[in-house]
Amino acid sequence: MRWIAQFIGYPDDCGGVLVSGGNMANFVCFLVARAAKADWDVRTRGAGSDAGRRLRVYGSAEMHTWIQKGADMSGIGTDAIRWIPTGADLRMDVDALRRQIVSDIAAGELPFMVVGTAGSVSTGAIDRLREISALCREHNMWFHVDGAYGGFAAALPVAPDDLRVLNLADSVAVDPDKWLYAPLEAGCALVRDVEALRAAFAYHPPYYHFAQHALNYVDLGPQNSRGFRALKVWLQMKHVGAAGYRAMIAEDIRLSQMMAAAVDRHPELELFTQALSIATFRYVPADLRATIGEAATEAHLDAPQSRVGGPTAARRRGVRLECGARGSLCAARVHRELPHDRKRC
14 MRWIAQFIGY PDDCGGVLVS GGNMANFVCF LVARAAKADW DVRTRGAGSD
64 AGRRLRVYGS AEMHTWIQKG ADMSGIGTDA IRWIPTGADL RMDVDALRRQ
114 IVSDIAAGEL PFMVVGTAGS VSTGAIDRLR EISALCREHN MWFHVDGAYG
164 GFAAALPVAP DDLRVLNLAD SVAVDPDKWL YAPLEAGCAL VRDVEALRAA
214 FAYHPPYYHF AQHALNYVDL GPQNSRGFRA LKVWLQMKHV GAAGYRAMIA
264 EDIRLSQMMA AAVDRHPELE LFTQALSIAT FRYVPADLRA TIGEAATEAH
314 LDAPQSRVGG PTAARRRGVR LECGARGSLC AARVHRELPH DRKRC
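This is the structure:
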């Protein structure tokens, strides 16, 4: 975990735990934030305060569905989620976020956490993490970054500016089984203050009287019994090295950029977005090209997407596919196995 933290520019004296994947990594950080920012003993008394104050968590309309599972399983309920609109670039509107937080405070509620997305699953959009961090400090809120998909791109010399500020977050979730190409299962939750992890998860019955100087992962997460997830991640990092991973991630991004350029040149394809290793586009027949934007044409072009996954705001621009395309509205995301000379274990 120190290697992972160093690789993405996060403080390497942080706490952390390897878990099953991105959902659980984010959920661990969610529970830490809830324990740290509730102004009552939420672990003992539950999610509702005696004064009737309600915890509120904030994220963009492009945020991954793990947040719904987290709000549900933690007891605060999915109605506690504030879905903040995005701009045309599909990044969270920070002004709208500020207005919502101020409104909730005025209503007597308790904003406790903002989730910044570092690479949305639909388009690879990266929220304005620097601005969100400043807003969280202003309101004494927990700043979490969901970097399950895009977080590892922070290691690149040409990383977008907002990926270079992961060190400002109170916690970060990344997924070695995505952009470290590790086999499932392998997610990683990093928390700046290891004591915050202990405060969220540790209990000390008589049969758990361990010396404090030992690192006991039972105190740092929801699992007691744990598999040896670290071995495969450590082995691949040892074999490939930081430079090797930077080269492979950069190549994935370059391939996506090449795809976007090729789509842009094609007379019957319409490019929507390109970010990180995701390019989104759709097929537009030549006879409809002149009527793009008209309601009937847009309904016709959106129809295949509606049948595949529903025309949600987050996915209207593309179905995320690992390879190939499905329907006339499609997205291509560049993934790969390790090269033949760096085969998976």
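Numbering (the working numbering), first residue to last: 14 to 358. Backbone N, C-alpha and C define an ideal beta-carbon position, used for all residues, glycine too.
Out of Ala316, Arg295, Ile266, Ala303, which has the shortest C-alpha to C-alpha gap to Tyr162?
As a first step, residue 162 must be located in the sequence shown, where it is residue number 149. Of Ala316, Arg295, Ile266, Ala303, the residue nearest in Cα terms is Ile266.
How about Pro98 and Asp106: are their beta carbons less than 8 Å apart?
What you label residue 98 is simply residue 85 of the sequence shown in a count that begins at 1. What you label residue 106 is simply residue 93 of the sequence shown in a count that begins at 1. Yes, the pair counts as a contact, with Cβ atoms nearer than the cut-off.
Let me check understanding here. Comparing Cα to Cα, which of Ser133, Cys42, Gly34, Asn36 lies closest to Gly28?
Locating residue 28 in the sequence shown gives position 15, counting from the first residue. Comparing Cα positions, the closest option is Cys42.
Tell me whether the segment 61-75 and the segment 117-127 touch, counting them as touching only if at least three CB pairs, one residue from each stretch, are closer than 8 Å.
yes
Could you spell out the range, first to last residue, of the beta strand (DSSP E) harbouring Ala96?
As a first step, residue 96 is located in the sequence shown; it is residue number 83 there, counting from the start. The amino acid occupying residue 96 in the given sequence is Trp; Ala does not appear at that position. Run containing Trp96: 94-97, per the beta strand (DSSP E) assignment.
So, helix, strand or coil for Arg349, using DSSP?
Indexing the sequence shown from 1 puts residue 349 at position 336. With a pLDDT of only 45 at Arg349, under the threshold of 50, the placement of this residue in the model should not be trusted, and no figure is reported.
Distance between beta carbons of Asp190 and Glu198, contact taken as under 8 Å
Taking the sequence shown and counting its residues from 1, one reaches residue 198 at position 185. Taking the sequence shown and counting its residues from 1, one reaches residue 190 at position 177. Glu198 to Asp190, Cβ: 7 Å. Contact.
Have a look at Pro170 and Gly160 and give me their C-alpha separation to the nearest angstrom.
In the sequence shown, residue 170 corresponds to position 157, counting from 1. In the sequence shown, residue 160 corresponds to position 147, counting from 1. Approximately 17 Å between the Cα atoms of the pair.
Three-way DSSP call (helix, strand, coil) for Ala186 in this model
Residue mapping note: residue 186 aligns to position 173 of the sequence shown, counting from 1. Residue state, collapsed to three classes: strand.
Mapping the DSSP letters down to three states, classify His313 as helix, strand or coil.
Translated into the one-based positions of the sequence shown, residue 313 becomes position 300. Of the three classes helix, strand and coil, the one that applies to His313 here is helix, per DSSP.
Whose C-alpha, out of Ala101, Asp92, Gly22, is nearest the C-alpha of Ala166?
By one-based count along the sequence shown, residue 166 stands at place 153. Measuring from the Cα of Ala166, the nearest candidate turns out to be Gly22.
Give the secondary structure of Phe241 by DSSP, where H, G and I count as helix, E and B as strand, and everything else as coil.
Counting from 1 along the sequence shown, the entry for residue 241 is found at position 228. Phe241: coil per DSSP, three-state reduction.
Extent of the continuous alpha helix (DSSP H) run through Trp79
The residue you call residue 79 lines up with position 66 of the sequence shown. First-last of the alpha helix (DSSP H) with Trp79: 79-87.
Excluding five sequence neighbours on each side, which residues of the same chain lie with their C-beta closer than 8 Å to the C-beta of Leu181?
Reading the sequence shown from its first residue, position 168 is the one you call residue 181. Closer than 8 Å at Cβ, skipping near neighbours: Leu142, Arg143, Ser146, Phe156.
Could you give the C-beta distance for Gly35 and Trp79, rounded to a whole number, given that I count them as a contact under 8 Å?
Position 22 of the sequence shown, counting from 1, holds the residue named residue 35. Position 66 of the sequence shown, counting from 1, holds the residue named residue 79. The Cβ separation is near 7 Å, so the contact holds.
In terms of alpha-carbon separation, which member of Val30, Asp25, Trp16 lies closest to Cys201?
On the sequence shown, position 188 is the one that residue 201 refers to. Taking only the C-alpha atoms, the option nearest Cys201 is Val30.
Please classify His152: does DSSP put it in a helix, a strand, or coil?
In the sequence shown, residue 152 corresponds to position 139, counting from 1. Coil at His152, not helix or strand.
Whose CA, out of Ala292, Ala312, Ile291, lies closest to the CA of Leu301?
Start at 1 with the first residue of the sequence shown, and residue 301 comes out as number 288. It is Ala312.
Is it the case that the Cβ atoms of Ala46 and Asp188 are separated by a distance below 8 Å?
Along the sequence shown, one-based indexing puts residue 46 at 33. Along the sequence shown, one-based indexing puts residue 188 at 175. Cβ atoms of Ala46 and Asp188: not closer than 8 Å.
Within its chain, find whatever has a CB closer than 7 Å to the CB of Leu44; leave out the 5 residues flanking it on each side and keep chain order.
Along the sequence shown, one-based indexing puts residue 44 at 31. Within the same chain, Leu44 has close Cβ partners Ser87, Ala213.
Work out the CA separation of Ile94 and Glu151 for me, nearest whole Å.
Taking the sequence shown and counting its residues from 1, one reaches residue 151 at position 138. Taking the sequence shown and counting its residues from 1, one reaches residue 94 at position 81. So the alpha carbons of these two residues sit roughly 20 Å apart.
If we ignore side chains and look at the alpha-carbon of each, how far apart do Pro196 and Ser33 end up?
The count along the sequence shown starts at 1 and reaches residue 196 at position 183. The count along the sequence shown starts at 1 and reaches residue 33 at position 20. The alpha-carbon atoms of Pro196 and Ser33 are separated by roughly 11 Å.
Give me whichever residues DSSP pairs with Ser269 in a beta bridge.
The count along the sequence shown starts at 1 and reaches residue 269 at position 256. Answer is none; Ser269 lacks a bridge partner.
Taking the alpha helix (DSSP H) that Arg58 belongs to, which residues open and close that run?
As a first step, residue 58 must be located in the sequence shown, where it is residue number 45. Run containing Arg58: 55-58, per the alpha helix (DSSP H) assignment.
Could you give the uninterrupted runs of the alpha helix (DSSP H) lying entirely in the segment 106-137, keeping only those of 4 residues or more?
107-119
Secondary structure at Cys201, three-state DSSP: helix, strand or coil?
In the sequence shown, counting from the first residue as 1, residue 201 sits at position 188. Strand, per DSSP.
Go ahead and label Lys251 buried or exposed: buried means 16 or more other beta carbons lie within 10 angstroms of its beta carbon, across all protein chains shown.
For the purposes of this step, residue 251 is identified with residue 238 of the sequence shown, where counting begins at 1. Label assigned to Lys251: exposed.
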